[in-house]
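Numbering (UniProt numbering), first residue to last: 1 to 361.
Positions of the beta carbon are idealized from the N, C-alpha and C atoms, including for glycine.
To start, the structure itself, in structure tokens.
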Amino acid sequence: MVKKMVAVHILLLFLVISGYAYEVSETCSYIAVSPITARANGTDTITVLVTIKSETGIPVSGETVVLNVTRPESTIIENTSPPDALTNASGQCSFTIRSSYSYGETITATVAQRTIKENLLGARNPCFEEGPGDTSPTGWGFDNWGTGASGYWDTTTFHTGLKSLKIINPGGRGIWITWPGKKGTMTENTSYKLSVWVIHLYTSGSNPSFIVFYNDINDTNIGSSSIPITPSDTWTYYSSIVTSPAKTDNIRAIYLESSWGAEQTVWFDDVRIERIPTVNFTASNLKFVSSPFTIIQNEVSPKITVIAGDSYGNTDTTFNNTVALLSSSSNGKFSSDGTNWSTINDSAITLISGASNFYYK
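Here you go:
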């Protein structure tokens, strides 16, 4: 008995010294940002929250966080909390960023020589390590629609950590599902990278899929994107860059699915959704870029071009919004084509990719 206790203590000491119990995980750790956009006025800020977890989903404290941006000459990083940039008891450290330039910024963090990226599923246990019991991980549930497929929280086969999600499908349908449902976490017509690690032992039928369903602001489903999974008997990385539909506001649901009528065994691990770029600094003003002109009353002006951008004259190509036009003259009129005119001295135009043209008389 004494020898066994000594052996156990030596093993535990080895694990602590080797750092295994607190190994920083790139897949369980994640970056979250709020808001997704800020005006490029040098004042409005975006908060970046870095959450560091071990390979078994445990928060890791006392780790130094270095925030990385693609344009360090333009993006100002400040207000680090804690001030020493060490993760707190919850494994977290936050920063604020701001800029006077309009552009898209991709953000990562470096912790213990690991690269940490954004994951919109970060709070939904994307590496499947966390949870009580042994039937399903926190944030995820299984449904087979009564078809006979079985879902397992597997501890024998995994890509990272100690667990993965498994589906054995004898010819029905099986789906692991999570419902994020947090408003304002996505934007319309935006690029996102979907990725997942999979083992797919194929027998027959359709391939499994990683599916994202989108909601509008009223929580109505407005479309989906997916990654089809081809057969592979080893852990294989699948990814796809997709564009969210118009009016997208948030993720309705994530399906890790073994398809109807398929006969297959599938393991899923380490799912991720990241925005491309992570954040956008957007237009802070409107500017006329056409040359000055003089016209006689009731004659049509030359084409007038207006752009949305920053104070340095850079156009915000992500700006696709409607702006108002107003004339100080009660007889002034506007036209988008020089032929059809507004009936009053105010109107509106829609800027596409940060620019638009109009005429005046």
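Query raised in the report: Contact between the stretch 307-315 and the stretch 266-286: three or more CB pairs below 8 Å?
Result: yes
Query raised in the report: Would R71 be called buried (16 or more neighbouring beta carbons within 10 Å of its own) or exposed?
Result: exposed
Query raised in the report: In this structure, does DSSP put A324 in helix, strand or coil?
Result: strand
Requested in this report: Tell me, please, which residues DSSP counts as bridged to K287.
Outcome: I307
Requested in this report: Would you mind working out which of V242, Q113, I107, N41 sits nearest Y192, comparing C-alpha positions?
Outcome: V242
Query raised in the report: Grouping DSSP H, G and I as helix and E and B as strand, with all else coil, what is T223?
Result: The amino acid at residue 223 is misidentified as Thr; the sequence shows Gly. Correct three-state label for G223: strand.
Query - Beta-carbon separation (whole angstroms), I107 vs L67, contact threshold 8 Å - result: 7 Å
Query raised in the report: Is the number of C-beta pairs between the stretch 93-112 and the stretch 141-157 that are closer than 8 Å three or more?
Result: no
**Report entry** Touch test, the stretch 95-103 against the stretch 120-140, Cβ-Cβ under 8 Å, three pairs minimum
**Finding:** no
Query raised in the report: Is the beta carbon of R114 less than 7 Å from the beta carbon of E257?
Result: no
Query raised in the report: What's the C-alpha gap between W153 and T87?
Result: 29 Å
Query - A21 versus I52: straight-line alpha-carbon distance, rounded - result: With a pLDDT of 49 at A21, under the threshold of 50, the modelled position of this residue cannot be trusted; read the value that follows with caution. So the alpha carbons of these two residues sit roughly 14 Å apart.
Requested in this report: Kindly provide the ranges of any beta strand (DSSP E) runs that are 3 or more residues long and lie completely inside the UniProt domain "Big-1" (27-121), ordered along the chain.
Outcome: 30-34, 37-39, 46-51, 66-69, 76-81, 92-98, 103-105, 107-111, 114-116
**Report entry** Exposure label - D270; buried when at least 16 CB within 10 Å
**Finding:** buried
Report task. Would you tell me roughly how many angstroms separate the C-alpha atoms of G139 and S336, rounded to the nearest one? Result -> 51 Å
Report task. Label F158 either buried or exposed according to how many other C-beta atoms from any shown protein chain fall within 10 Å of its C-beta, with 16 as the threshold for buried. Result -> buried
Query raised in the report: Could you check where the beta strand (DSSP E) with V266 kicks off and where it finishes?
Result: 263-276
Report task. Please report the residue range of the beta strand (DSSP E) in which G141 lies. Result -> 141-143
Report task. With a threshold of 16 other CB atoms inside 10 Å of the CB of S164, please say whether the residue is buried or exposed. Result -> buried
**Report entry** Ordered list of alpha helix (DSSP H) runs contained in the stretch 150-209, each at least 4 residues
**Finding:** none
Query raised in the report: Just reading off the beta strand (DSSP E) that I349 is part of, what are its end residues?
Result: 346-350
**Report entry** Proximity winner among G57, V266, S329, A38, relative to S232 (alpha-carbon distances)
**Finding:** V266
Query raised in the report: From V300 to N321, what does the alpha carbon distance come to, in whole angstroms?
Result: 25 Å
Report task. Kindly give me the distance between the Cβ atoms of E55 and C28, rounded to whole angstroms, as I take these residues to be in contact under 8 Å. Result -> 7 Å
Query - Burial state of G151 (16 or more Cβ within 10 Å) - result: buried
**Report entry** Candidates S353, A253, Y238, G205, of which the one nearest G171 by Cα
**Finding:** G205
Query - Bounding residues of the beta strand (DSSP E) (the contiguous stretch that carries T248) - result: Per DSSP, T248 belongs to no beta strand (DSSP E) and is neither H nor E.
Query raised in the report: To the nearest whole angstrom, what separates the beta carbons of T47 and S61, a pair I think is in contact under 8 Å?
Result: T47 to S61, Cβ: 20 Å. No contact.
Query raised in the report: So what does N357 bridge to, in DSSP terms?
Result: T305
**Report entry** Cα-Cα separation between I295 and Y312, rounded to whole angstroms
**Finding:** 29 Å
Requested in this report: Determine the burial state of M5: buried for a count of at least 16 other Cβ atoms within 10 Å of its Cβ, exposed for fewer.
Outcome: Annotation note: pLDDT 35 at M5 (below 50); position unreliable, coordinate value reported separately. That one is exposed.
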